[in-house]
Structures are given as C-alpha cells and as structure tokens.
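In order, the protein sequence lines correspond to chains A, B, C and D. Per the numbering used here, the very first residue in the first sequence carries number 1; after that it's consecutive. Per the numbering used here, the very first residue in the second sequence carries number 1; after that it's consecutive. Per the numbering used here, the very first residue in the third sequence carries number 1; after that it's consecutive. Per the numbering used here, the very first residue in the fourth sequence carries number 1; after that it's consecutive. Note that beta-carbon positions come from the ideal geometry of N, C-alpha and C, so glycine has one too. Computed from a predicted structure; not experimentally measured. Step one of this worksheet: look at the structure below.
4 protein chains.
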Amino acid sequence: MAALPPAARILRTAARLFYQQGYHATGINQIIAEAEVAKATFYTHYPSKEALGAAWLAQQHEAWVSWLNERVSPVSDSRRRIAVLFDLLEVWLRNNDFRGCPFLNTNAEQPNPPAALRAIIQQHKAYLRDYMRNLVRTALPGRLEADRLALAAYILFCGAIIEAQAFRDPWPVRTAAQTILGWF
Amino acid sequence: MAALPPAARILRTAARLFYQQGYHATGINQIIAEAEVAKATFYTHYPSKEALGAAWLAQQHEAWVSWLNERVSPVSDSRRRIAVLFDLLEVWLRNNDFRGCPFLNTNAEQPNPPAALRAIIQQHKAYLRDYMRNLVRTALPGRLEADRLALAAYILFCGAIIEAQAFRDPWPVRTAAQTILGWF
Amino acid sequence: MAALPPAARILRTAARLFYQQGYHATGINQIIAEAEVAKATFYTHYPSKEALGAAWLAQQHEAWVSWLNERVSPVSDSRRRIAVLFDLLEVWLRNNDFRGCPFLNTNAEQPNPPAALRAIIQQHKAYLRDYMRNLVRTALPGRLEADRLALAAYILFCGAIIEAQAFRDPWPVRTAAQTILGWF
Amino acid sequence: MAALPPAARILRTAARLFYQQGYHATGINQIIAEAEVAKATFYTHYPSKEALGAAWLAQQHEAWVSWLNERVSPVSDSRRRIAVLFDLLEVWLRNNDFRGCPFLNTNAEQPNPPAALRAIIQQHKAYLRDYMRNLVRTALPGRLEADRLALAAYILFCGAIIEAQAFRDPWPVRTAAQTILGWF
DNA sequence: CATGAATGAGGGTTCATTCAT
DNA sequence: GATGAATGAACCCTCATTCAT
Numbered sequence: 001m002a003a004l005p006p007a008a009r010i011l012r013t014a015a016r017l018f019y020q021q022g023y024h025a026t027g028i029n030q031i032i033a034e035a036e037v038a039k040a041t042f043y044t045h046y047p048s049k050e051a052l053g054a055a056w057l058a059q060q061h062e063a064w065v066s067w068l069n070e071r072v073s074p075v076s077d078s079r080r081r082i083a084v085l086f087d088l089l090e091v092w093l094r095n096n097d098f099r100g101c102p103f104l105n106t107n108a109e110q111p112n113p114p115a116a117l118r119a120i121i122q123q124h125k126a127y128l129r130d131y132m133r134n135l136v137r138t139a140l141p142g143r144l145e146a147d148r149l150a151l152a153a154y155i156l157f158c159g160a161i162i163e164a165q166a167f168r169d170p171w172p173v174r175t176a177a178q179t180i181l182g183w184f
Numbered sequence: 001m002a003a004l005p006p007a008a009r010i011l012r013t014a015a016r017l018f019y020q021q022g023y024h025a026t027g028i029n030q031i032i033a034e035a036e037v038a039k040a041t042f043y044t045h046y047p048s049k050e051a052l053g054a055a056w057l058a059q060q061h062e063a064w065v066s067w068l069n070e071r072v073s074p075v076s077d078s079r080r081r082i083a084v085l086f087d088l089l090e091v092w093l094r095n096n097d098f099r100g101c102p103f104l105n106t107n108a109e110q111p112n113p114p115a116a117l118r119a120i121i122q123q124h125k126a127y128l129r130d131y132m133r134n135l136v137r138t139a140l141p142g143r144l145e146a147d148r149l150a151l152a153a154y155i156l157f158c159g160a161i162i163e164a165q166a167f168r169d170p171w172p173v174r175t176a177a178q179t180i181l182g183w184f
Numbered sequence: 001m002a003a004l005p006p007a008a009r010i011l012r013t014a015a016r017l018f019y020q021q022g023y024h025a026t027g028i029n030q031i032i033a034e035a036e037v038a039k040a041t042f043y044t045h046y047p048s049k050e051a052l053g054a055a056w057l058a059q060q061h062e063a064w065v066s067w068l069n070e071r072v073s074p075v076s077d078s079r080r081r082i083a084v085l086f087d088l089l090e091v092w093l094r095n096n097d098f099r100g101c102p103f104l105n106t107n108a109e110q111p112n113p114p115a116a117l118r119a120i121i122q123q124h125k126a127y128l129r130d131y132m133r134n135l136v137r138t139a140l141p142g143r144l145e146a147d148r149l150a151l152a153a154y155i156l157f158c159g160a161i162i163e164a165q166a167f168r169d170p171w172p173v174r175t176a177a178q179t180i181l182g183w184f
Numbered sequence: 001m002a003a004l005p006p007a008a009r010i011l012r013t014a015a016r017l018f019y020q021q022g023y024h025a026t027g028i029n030q031i032i033a034e035a036e037v038a039k040a041t042f043y044t045h046y047p048s049k050e051a052l053g054a055a056w057l058a059q060q061h062e063a064w065v066s067w068l069n070e071r072v073s074p075v076s077d078s079r080r081r082i083a084v085l086f087d088l089l090e091v092w093l094r095n096n097d098f099r100g101c102p103f104l105n106t107n108a109e110q111p112n113p114p115a116a117l118r119a120i121i122q123q124h125k126a127y128l129r130d131y132m133r134n135l136v137r138t139a140l141p142g143r144l145e146a147d148r149l150a151l152a153a154y155i156l157f158c159g160a161i162i163e164a165q166a167f168r169d170p171w172p173v174r175t176a177a178q179t180i181l182g183w184f
C-alpha cells in the first residue's frame, strides 16, 4: 500500500471514505491520516477538498462505465443487454458496501453543490441517460415511443437505485427491470 | 415574525435552511441566529439537532400529505388523479425554491443517517408507496400486473424528482407521467 | 419517593450525585431531572448550587457523626474504641459505592472552594480532629506525647482514606490501624 | 514569554491553571487565551484536554522526583534523610502558591478520573510509597515491623499534605515528621 | 517533492441562573 | 408554593486552509 504514490493513496482513501461516510461528513484530516500522508502533501496534489471530490467523481465515472461496458458489450441481444444491466445493478446493491449512487448522494448533500462537482455529476447523468437511450432504441427498432420509453427506462434505473438505498432492499431494482423488459 | 413563539420560529427557520442548504451543511449557530433565539433556548425546545431534524421531516410529511390530498381527493376519476399528482409535482419543481425531496436528500446525505431521521424517512416513503399503490390499483381494476405497475409508478415518481433535481429541468416528470398514463 | 417533599427530594438526589460524580461534575439539570422537580422549584428551596452543596455537606457531617457515635460510644474500653473506629472505616470503604471522603473530595476539587463550602469542610475536619484527640487522650492517660500521638492518629485516619481511594484497596486503613493500636 | 514554542507555552500555562484552579474548573478556552495560542494550535499539540492533563501530571512527577532527589540524596544519614524530606514538604506548603498535591487533588476531583490521568496518578503514588519504603527500611535495619512502619510513614506523609491543605496550616507536617522520627 | 505547525471560524452541547406567570 | 421558558457564557472539539521550512 505504501508502494502507491501519495496522490494515488489519497484518491483511493478518499474514494472509500467519501462513499462510505459521505462527502461532507469526511474531513481532510481523516483522509490524510488514513492515507498516511502529510497535510501539506495533500495540498500539493489537490488544491482543495472540492478538487479532490471532483477527481473522485471523475474516477468513479470512468470505473463505472468500464465496469458496465465490459459486461454488457459482449452480450449481443439488445433485450438481454438491458436485463444484464439490471442484473449488474442488483449485484452492486446486494454488496454490503453499497451506499447508493455516489453521484446522486453528492448531488443531494448540498442542494447547491460546488460547480466543479455539479459539472461532473451532470456529465455522468447525461452519459447514463444516453447510454440507456441507445440500448432501448436498439431494442425497439421502429417503435414510435422508443425515445420516451428510453427516458422512462433511465428514470426507472436511477429511481430503483435510490429506492433500494432508502428501503435497504433490492425490490425496486427487480420491479424496474420487469417493467422495462415487459416493453419488448 | 417576532410574534411567533421561539419553538415555532426555530422550526420554521430550520425548515428553510435544512431544505435550501442541506441538513448537514446547516449549523445550529446559523439557525439560532436567523431565528433570533439564544442557544440555550434552542435546547430547551429541542434536545438535539437530530431531534430538530426529525421534527422538520415529520412536519414536512404532514404538510406534503395534506397538500396532495387537498388537491387529489376532489378528483373522482382514477386516471385523472394520477395525472393531477404529476401536475402537482411539476408545479412544485418549477418553483424557484425547489431543491429536491427533503426525505431523499436527507437520506442520501449520510450513508448512515441518524436513526431518528431514518425512521421518519422510511415512514414517509412507505406512505407514498402505498398511496401510489392505491391510486394505480383503483385505476387498473382486474389487471393482473396492477401491483407491479403500481410499484413501478412509485419508482418513476421518485426517480422523476431526483432526475429533475439533477438536471434542473422538469422533463423527467413529464416523461414519467406520460409513461404511467399510457398504461391505462 | 414522590412522598418526600421537594426540598428533601432535591437534597437526597444531590447527595447521591455529588458523592458519586463529584460536586463540579454534577449539574443542576441532572439533579432536578432525577429529583423530578421543576427548575424554579429548585431555586425556591436553594438560592444557588453552592447553597445546596453546603446543605449537602452539613447533612453529611451530621450523618457521619451520628453513625460513628452510635457504634463507638457503646464500647467502653478506649483502645477498643479506636479499633472499632478503623473497623467502621474499613466497612465503609469496602462498600461498592465508596468514593472517598466527600469533604476531602470537595476541598480538593477547587483549590479555592467557595467560602460556604470551605466553612463546613473545616468545621467537619476540626470536629474529627478533636474527636480523635479525645479518644487517644483517654486511651493514653498521663503519656506526655499523648497530644502529638492524637494528632498523628488523626492524620493517619484521613491519610488512610485518601490512600485507600487512590489505590482502590483497603490496605492503608489496616496499616494505619495497626500502627495506632501499637501505641497502647 | 513569546519566546517559548506554543506546546511549551500551553503546558506551562496549563500547569499553573490546573494546579491553582483545579483540572475540571480550568477550561481549554482559558488555557489557550493565557498561552496566547489559537484553539486549533492547541489540538495540534495535544489530542484532547485529557492528554494535556496527563502531560501535566507526568511533568509534575518528574519535577517533583528531581526536586526531592537533588536535596535528599546528598544527605548520607538515613534518619536525616527523612527529616530533610519533611523539611522540604514544609517549605513547599509554606509557599503562597501551595494548593495541595496535584495528584491527590486530581484524583479526588472526579470519583472516576479519566483513565489516562488515573494511570499517572497511581504510578506517582506507587513511586512515592516505594521511595518512603526504602528510606525507612534503610533507617530501621533489622526491625521486624520496618515494612509496616514504612507504609505508615507514607500514609502520614500524604495525610499531612491534605490536612495542611485543609487547615491551611503546616502543623500536620510537623506532627507527622516528629512521629516518624520518634521511631528511630 | 514533502512536511508539521499554526490558524479563525464554526461544530453541537451544557452551564448556573432569572424571569413572568 | 410551584412552574417551564429564556438566557449569555462557557464547554471540548473539528473544519478546510495556509505558511515557513
């Protein structure tokens, strides 16, 4: 672990703590203590906590996209792809470390989040929306309401995440999946 | 404004600040300053910040339920009721002060919210879920999948709120409404 | 317990808490809460916390003196009396609720204790010193150094209490008793 | 005064205030104000008030031991050594700043002192007990009851301190000294 | 490139007391 | 005789950040 350079150690520690405890609830002191880095070293690598938060979300976005693509792209059938997507979601939230979506959580923490964070959050959400749109469009060739259903699928997807988080139960994911798959 | 008794002034101020800035981001000091109350007076009425947060959410739940019922119950047709529900949602989030759902926000702020807050949040969510269930069941008499659709409608409802919050745009509400209304 | 009048309930509760937690560490709020008395009721009976503390110490002095006299005066032999005195001391500090001497503790809490408390503490100590003096004098008729030994016995007595408190062990009491009894 | 580094300034100030006013009665705010240090600077050097209290007592122990040894060890005769010990005690408590023994006071303040403080207090007391034991044993070679007298001497020593504190008069020290010296 | 010391502002909570009723 | 509401001051501690080295 001490093999990692300081910047990476900081980011890895912050990722764990921000997600498990929340962005606001996690202080710089805890991060540098657990990353075993001096305070000034932290500020040489990240100009502020906000910048670290942005780096965290950016990295989360990359990781999440990769994770999905690696598992979804091998599947050729469009309908199956959507099914796989929700299967993955259920795997994720059945994990003991599941604490909801980092983007939605961070967005909800402060109703007016810092600009740097907001930008990445919106970027992530737009990406996911478009990703779902393509998936559903491909699965519903020629259907007039395909676009609307695609957006609805996206809303169900995100809604399932926060409701699973709120109820601490995966039922919303299965309900959302069944509903969407029923459209094909 | 000084006409209100301190306890009410505190709650009113806290409601405003908790919603606009977030529960965590709002400190006791700011609340008592804006409520023009001494710190010890605050603790005479609320044993802790957490208790105040619980009182706030409880009051929000009551207000929300009343607001909905007053406008939905006069409508007799089941399908119209659902339409009205989403119309109200859109009215709400078109308001400049809209900052998302206080319950979802507070739940997302800290991955492990204080027990007192969690209890009210879950209560509220269960209420809303059952409310939607009744609405949809009544509108879909005899449909086998009525229950699943009802839950899906609930997920779409909540998902629309957080997506409207994230995108700062009401499109998710309209998409969700159209999708649900298409089931009848 | 609710049968007792408020003033007595307050004093009884304060006696328990002051002794178990310390005078300083015990707040008015805890006292009135556990005595089930309103705050203003407290101040109608005691003008201040200091006055309550004084009442507590005065009552402790009375109780302690009575307790000793009832058990020591029936004994006729002077030497036996001293032995009984230390036996009682050991009984006291073997009790699970033993927290040292309320007078010495309160005196040690603030190096400049409030005048009202200081007065009672000194009164108590002077009484105990004279009590020991009489006991030893009677047991050592005609000994020239009787007075000095009496004071030494008093110092050993008090020293044994604080050392038993510090070591959480009754050995100092037995050592003190053996030493004194060896003088006769 | 500003020449001293902050950590030393804090400890020096705390030593003065803890001793003069008591540990509990002295707040962090007063310490940092009189040490002319920012609050966060305090917590850079001491993780808590308790840690500062422990540092204070540890330093007191060192200073006390040094002070005694420097003056007692040059004396060769065992009996004289004990006499010197009590002479030093009397010098100490004739000082206007005398407020009793920091260890006994802190131990008596709260019936259950913080663990960190308790540890040092017990350590100090055990040291002093053993110190007296060696002194008396050496002065009473071959006496069977030497051990018991040594412990009695220790109790008289400590008892003299608290009684001198309580009566605000050095008589207990002289009484204790005469009694012990009479054993040789 | 890396560091520990120093900071002002604020975190939530409790203190002993007074007041109008 | 009894009450709960109201208070300013103080409690111990943590925040994100900057600075000289």
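Mind checking which residues open and close the alpha helix (DSSP H) that includes residue i?
| i | result |
| --- | --- |
| residue 103 of chain D | 102–109 |
| residue 69 of chain C | 49–72 |
| residue 159 of chain A | 146–167 |
| residue 41 of chain A | 39–45 |
| residue 17 of chain C | 6–21 |
| residue 172 of chain A | 171–181 |
| residue 89 of chain B | 78–94 |
| residue 136 of chain C | 115–139 |
| residue 34 of chain C | 28–35 |
Name, please, each residue of chain B whose Cβ falls closer than 7 Å to the Cβ of residue i.
| i | result |
| --- | --- |
| residue 99 of chain A | 111 |
| residue 83 of chain A | Going along chain B, no residue has its Cβ under 7 Å from residue 83 of chain A, so there is no contact; the nearest lies around 16 Å. |
I'd like to know whether the C-beta atoms of residue i and residue j end up nearer to each other than 7 Å.
| i | j | result |
| --- | --- | --- |
| residue 156 of chain A | residue 180 of chain B | no |
| residue 22 of chain B | residue 110 of chain A | yes |
| residue 60 of chain B | residue 113 of chain B | no |
| residue 175 of chain D | residue 149 of chain C | no |
| residue 6 of chain C | residue 37 of chain C | yes |
| residue 158 of chain B | residue 159 of chain A | yes |
| residue 139 of chain A | residue 48 of chain A | no |
| residue 136 of chain B | residue 153 of chain B | yes |
| residue 32 of chain A | residue 14 of chain A | no |
| residue 172 of chain C | residue 163 of chain C | yes |
| residue 19 of chain A | residue 118 of chain A | no |
| residue 24 of chain A | residue 24 of chain B | yes |
| residue 10 of chain D | residue 42 of chain D | yes |
Run down chain C in chain order and give the residues with a C-beta less than 7 Å from the C-beta of residue i.
| i | result |
| --- | --- |
| residue 187 of chain D | The question about residue 187 of chain D has no answer here: the residues shown for chain D are numbered 1 through 184. |
| residue 163 of chain D | 155 and 158 |
In chain D, which residues lie with their C-beta within 7 Å of the C-beta of residue i?
| i | result |
| --- | --- |
| residue 22 of chain C | 109, 110 and 111 |
For residue i, go through chain A and note every residue whose CB falls closer than 9 Å to its CB, in chain order.
| i | result |
| --- | --- |
| residue 148 of chain B | 175, 178, 179 and 182 |
What residues of chain A sit near residue i, judged by a beta carbon separation below 8 Å?
| i | result |
| --- | --- |
| residue 105 of chain B | 108, 109 and 111 |
| residue 151 of chain B | 171, 172 and 175 |
Cβ closer than 8 Å: which chain D residues qualify as neighbours of residue i?
| i | result |
| --- | --- |
| residue 121 of chain C | 166 |
Which bits of chain C does residue i rub up against, with CB to CB less than 9 Å?
| i | result |
| --- | --- |
| residue 125 of chain D | 163, 166 and 167 |
| residue 25 of chain D | 24, 109, 110 and 111 |
Whose Cβ in chain C lies nearer than 8 Å to the Cβ of residue i?
| i | result |
| --- | --- |
| residue 38 of chain D | Under the 8 Å cutoff, chain C gives no residues; its nearest Cβ is about 27 Å from residue 38 of chain D. |
Contact the stretch 63–73 of chain D vs the stretch 84–100 of chain D: 3+ CB pairs below 8 Å: The answer is yes - the stretch 84–100 of chain D touches the stretch 63–73 of chain D, with three or more Cβ pairs under 8 Å.
Three or more C-beta pairs below 8 Å linking the stretch 92–109 of chain B and the stretch 47–63 of chain B: Yes, they touch.
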